[in-house]
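To keep things clear, I will list the structure first and then write my remarks on it.
Number of protein chains: 2
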Amino acid sequence: MKDIARRAGVSESAVSFALNGRPGVSEVTRDRVRRVAEQLGWRPSTAARQLSGEGAATVGLVVARPADTLGVDSFFLQLISGIQEVLAERQLGLLFQVVEDVDAECAVYRRWWAEHRVDGVLVVDPRTDDPRPGLLEELGLTAVVVGGVPDARHPGLSTLWADDAGAMAAIVGQLYALGHRRIVHIAGLPGLAHTERRIRALRAEAERRALAEVRSVTTDYSDAEGAAVTRRVLTQETPPTALVYDNDVMALAGVAAATELGFSVPADVSVVAWEDSALCRMVKPWLSALSRDTPEFGRTAARELTSLLDGGPSRAVRVPVPRLIERESTGVVRRA
Amino acid sequence: MKDIARRAGVSESAVSFALNGRPGVSEVTRDRVRRVAEQLGWRPSTAARQLSGEGAATVGLVVARPADTLGVDSFFLQLISGIQEVLAERQLGLLFQVVEDVDAECAVYRRWWAEHRVDGVLVVDPRTDDPRPGLLEELGLTAVVVGGVPDARHPGLSTLWADDAGAMAAIVGQLYALGHRRIVHIAGLPGLAHTERRIRALRAEAERRALAEVRSVTTDYSDAEGAAVTRRVLTQETPPTALVYDNDVMALAGVAAATELGFSVPADVSVVAWEDSALCRMVKPWLSALSRDTPEFGRTAARELTSLLDGGPSRAVRVPVPRLIERESTGVVRRA
DNA sequence: TTCTTGCGCTCAAGCGCTTTAGTTCTGCGC
DNA sequence: GCGCAGAACTAAAGCGCTTGAGCGCAAGAA
Chain U
5 MKDIARRAGV SESAVSFALN GRPGVSEVTR DRVRRVAEQL GWRPSTAARQ LSGEGAATVG
65 LVVARPADTL GVDSFFLQLI SGIQEVLAER QLGLLFQVVE DVDAECAVYR RWWAEHRVDG
125 VLVVDPRTDD PRPGLLEELG LTAVVVGGVP DARHPGLSTL WADDAGAMAA IVGQLYALGH
185 RRIVHIAGLP GLAHTERRIR ALRAEAERRA LAEVRSVTTD YSDAEGAAVT RRVLTQETPP
245 TALVYDNDVM ALAGVAAATE LGFSVPADVS VVAWEDSALC RMVKPWLSAL SRDTPEFGRT
305 AARELTSLLD GGPSRAVRVP VPRLIEREST GVVRRA
Chain W
5 MKDIARRAGV SESAVSFALN GRPGVSEVTR DRVRRVAEQL GWRPSTAARQ LSGEGAATVG
65 LVVARPADTL GVDSFFLQLI SGIQEVLAER QLGLLFQVVE DVDAECAVYR RWWAEHRVDG
125 VLVVDPRTDD PRPGLLEELG LTAVVVGGVP DARHPGLSTL WADDAGAMAA IVGQLYALGH
185 RRIVHIAGLP GLAHTERRIR ALRAEAERRA LAEVRSVTTD YSDAEGAAVT RRVLTQETPP
245 TALVYDNDVM ALAGVAAATE LGFSVPADVS VVAWEDSALC RMVKPWLSAL SRDTPEFGRT
305 AARELTSLLD GGPSRAVRVP VPRLIEREST GVVRRA
C-alpha cells in the first residue's frame, strides 16, 4: 500500500479509502489508485486486515467422523463444492478440519475462536443433545446448523432443515401403495438428529396406517453394518418385503447381501436408498432413491452464513423435500 | 498478552519469550507466565502472529475437478483425513478449495500468495505440462506435489511418487499368468500425469511380453464413461478377457455393464480396479483391486510439507508400491 | 578494584492495514 | 472581505504480536 500511495501521489489512507469504496476521495483519484493497485497486483494482507478489526475472511467447517466412515460418502464433497461456490464469490476461505468426535470438534471451535481464525462456522451432522449450538452461542461465533431442526434455545444460530418426516411419509406411502406391510428402516448413527427424526417419523407413519411390522435399526452407516443388518432381518421368520436404507452405501451393500441370500430385488424385497448418487445407477437393479440437490444444499447453507456475517437475522430455512426417484429396486409385493 | 503481562508482573516481551520457549526469561518466570496464560485461556492471534513475520499457520489444498466428478471418489476425503492428522499435531489449519480447472487453481495460488494466506500448499492431480510447479516456484510458495514424478526443473518442490510402472507390471504379470492376452486398460483423465504414466507402463509391458491386443482408453473417471467404454470394448469382435480400471467407481460400473451384456465376471472377463475402497467389497463378485494406504499417503504428504516449512530440503519421496489384492473378479481365462 | 561477560528483563519499533481526528483548500452566501 | 460548509486529503494511533537494542545486575577474570 505504501508503494501504491507513493506511485499515485497520495497518502496511504487515501489508498485505503479508494480501494475499499469508502467516501473521502474523488473519483479521479480513486480510479488512479485502482489502476496503480491493479498494475502492482496488490492484494490486501488478510492478516493486517483482520488485525485492524475486519474479519478473518474465512469460515470453518469441521466434520466429526472416523476417517473410514468418511470415505465412501459422496455427501460431504458435494456439500463442500456447493459451499465453495458461494464462498468463492465473496473471496471467503474455507478452513476445513476432520476430527474423530464431537468433543474434538468443540475443542476446534474454541481454538478457532480464540485465535480469531474464522468469522463463522458451518455445523454438520447435528445430534440429539448436541453441545455445539450452545458452545457456539456462548462463544459468539456466527454459525449455521446444516440439517438440524430449528431450536428456540439458540436464537442466534441459523438452521437449515429438511422435512424428513414428510419424506419418510412419502416413502412409506409409496411402499404401502405397492402392497408392502413389513418394512425395515436401516437407519444411520443413533446419536444424529436426523436419524432420530426419521425413526420417529417412521413410527408415526406406521401407527397411522396400523402397520405392526415396521421398525428401524440403527447402524454406523458403513457397508459392513448395512450388509449385516440386511442378512439378519432377511433371515428372520417373516422377513420384511421392503428395506429403507439411510444412505446409498448401505443400500448397495444391502442389495448385494440380499442377492447372496437368494432374495431377488425387487421381486422378493424392495429397496429404497435415502440419498441418491452415482452409486445408485452403478449396479443392477438401479436403486430407487430419495434425491436431494446436495450442492444446492451447500450453497444455501453458505448463503445463510454470509447473510448472518453481513448482520442479517438468524432464521430457520427449510430446504425442499427430497424427491423419491423410483428406479428398478422397488416393485409390487409378490405373494410369498 | 497485555493482561498476562500485567498479572504475571512482567513485560509483554517477556510473555512472548516465555510462551514461545525462547531464551531470555528464567524458568520460574516462564512457568508463572504459562500458568497465567493457561488460566486466562489465551491463544495467540494468528493474524497478529502472521503480521509480525511468522507464517500463516495454514496450508492450502485446492482440488481442480468438476463437482460431479468429485462426488463418488473416496480418494480425496481419505487423503485429507490423513493430511489432517499430521497438520493437527502442529496446529496447522487446512484451507481447502474446490475449483473447476487448473487455471482457476493457479489463480487461487496467486491470490493466496498475495494475501499471505498460506505457508505452503499441497498440489494434487499433477498433469503432463503442468503449469503449477512452475508458478509455485516462481511465487516462492512452499509446495509438495502429491503423486507426481520428481522433476529436475523444479528443485524447490518436494514430490511424492508411487511406482505406477511397477504396479502396472505386477497387474499385467498376474493377468498374464492367468492366461490373459487381450487386456484393455480403462484409464482416467488424459491430462493427468499418472494416467499417462500408467498408459506408458502398460505399453512397455505389452511390448516386453509381445502382446498385440493390449491397449488403454482414457475416460473422465465417471461411472458413465466407465460403463460406456466397457460396453464398447466388450461388443467388438474379439473382446478382451481382462479389464483394468483406473478407479473403483468405473470398475463397478464396468462390472454392471459387462453383466448386462451377458458377460460373467470373472468367467468371461476379469476385472481389476486401480484403487481399493469399500465399494470393491460391496458388490458380488468382490473386485480384485490395487490397494494403497491413502490416509498414510496423506500423512506422508503433510509430513513432507511441514518438513519443508521447517526449512528442510526438498526431496522426492517414493511411497510403497500398491499391492494387488486378488478377490473374486479375476480368474483364469476360459476358452471361448 | 575495575572490567568484562552473560543473564533476565524492558523498551520501542514495526508488520500492513483501518479509522478517527485533524488540516487544507475551494466555493459559496452575506 | 469575511466566515463557513463541505470535499479531498493527511497524520497518527492502534490492532496483537515479535524482536533487536539496551539496561541493570551479579558473578567471574584480571
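The listed protein sequences correspond, in order, to chains U and W. The first sequence runs 5 to 340 under the working numbering. The second sequence runs 5 to 340 under the working numbering. Where a beta carbon is used, it is the ideal one built from N, C-alpha and C, also for glycine.
message = Using the Cβ count rule (16 or more neighbours within 10 Å means buried), how would you classify W/N24?
response = Counting other Cβ atoms within 10 Å of its Cβ, W/N24 stays below 16 and is therefore classed as exposed.
key: Exposure label - W/S268; buried when at least 16 CB within 10 Å   = exposed
inquiry  = Taking CB distances under 9 Å as the criterion, tell me whether U/A118 reaches chain W.
reply    = It does: the Cβ of U/A118 has a partner Cβ on chain W nearer than 9 Å.
query = When DSSP labels each residue in this structure, what does U/W116 get in the three-state scheme?
reply = helix
task = Would you grab the beta carbon distance between U/G170 and U/V276 for me? Rounded to a whole angstrom, and I think it's under 8 Å.
result = Between U/V276 and U/G170 the Cβ distance is about 15 Å, and since that is not below 8 Å, they are no contact.
inquiry  = Please tell me whether U/A41 has its Cβ less than 9 Å away from any Cβ of chain W.
reply    = no
query = What's the C-alpha gap between W/S56 and W/A282?
reply = 47 Å
request  = May I ask you to verify whether the segment 184-197 of chain U touches the segment 214-231 of chain U, counting CB pairs closer than 8 Å and requiring at least 3?
outcome  = Cβ pair count under 8 Å is three or more, so yes.
task = Provide the residue(s) that pair with U/Y180 in DSSP beta bridges, ordered along the chain.
result = Paired residue(s): none; U/Y180 is not in a bridge.
Best match in U/D168, U/E241, U/L196 and U/M254 for proximity to U/A208 [C-alpha to C-alpha] = U/D168
query = Where does W/R36 fall in DSSP's three states?
reply = Here W/R36 sits in helix by DSSP.
request  = Could you name the residues of chain U that W/V148 contacts, counting a contact when the two beta carbons are closer than 9 Å?
outcome  = By Cβ distance, chain U contributes nothing, its closest Cβ being about 18 Å from W/V148, past 9 Å.
ask   = Cα-Cα, which of W/A271, W/A305, W/G97 and W/L291 is closest to W/V253?
value = W/L291
key: Residues near W/S15 in its chain [Cβ-Cβ closer than 8 Å; skip 5 each side]   = A9
query = Taking buried to mean at least 16 other C-beta atoms within 10 Å of its own C-beta, is U/R236 buried or exposed?
reply = exposed
message = Less than 7 Å between C-beta atoms, sequence neighbours within five positions excluded: which residues of the same chain meet that for U/G28?
response = Around U/G28: F21.
ask   = Would you report the Cα separation of W/G195 and U/V149, rounded to the nearest angstrom?
value = In a straight line, the C-alpha of W/G195 is about 39 Å away from that of U/V149.
inquiry  = Which residues does DSSP list as the beta-bridge partners of U/S220?
reply    = U/H189
ask   = Can you list, in chain order, the residues of its chain whose CB lies under 8 Å from that of W/V32, leaving out five sequence neighbours each side?
value = So no residue of the chain qualifies.
query = Any idea if W/D129 is buried or exposed, counting beta-carbon neighbours within 10 angstroms, 16 or more meaning buried?
reply = buried
ask   = To the nearest angstrom, how far is it from the Cα of W/A205 to the Cα of W/E211?
value = For W/A205 and W/E211, the gap between their C-alpha atoms comes out near 10 Å.
message = So that I know if they touch, is there some Cβ in chain U lying closer than 9 Å to that of W/D7?
response = no
inquiry  = Along the chain, where does the alpha helix (DSSP H) containing W/T310 start, and where does it finish?
reply    = T298 to L313
ask   = If you draw a straight line from the C-alpha of W/G315 to the C-alpha of W/T146, how long is it?
value = Looking at the two C-alpha atoms, the distance is approximately 10 Å.
inquiry  = Can you tell me whether W/R131 is helix, strand or coil according to DSSP?
reply    = strand
U/A205 at chain W interface by Cβ criterion, 9 Å = no
request  = Look at the Cβ atom of U/A51, then the Cβ atom of U/D123, and state whether they are nearer than 9 Å.
outcome  = no
message = Which residue wins for smallest C-alpha separation from W/G86, given the options U/Q95, U/L96, U/R69 and U/E93?
response = U/R69
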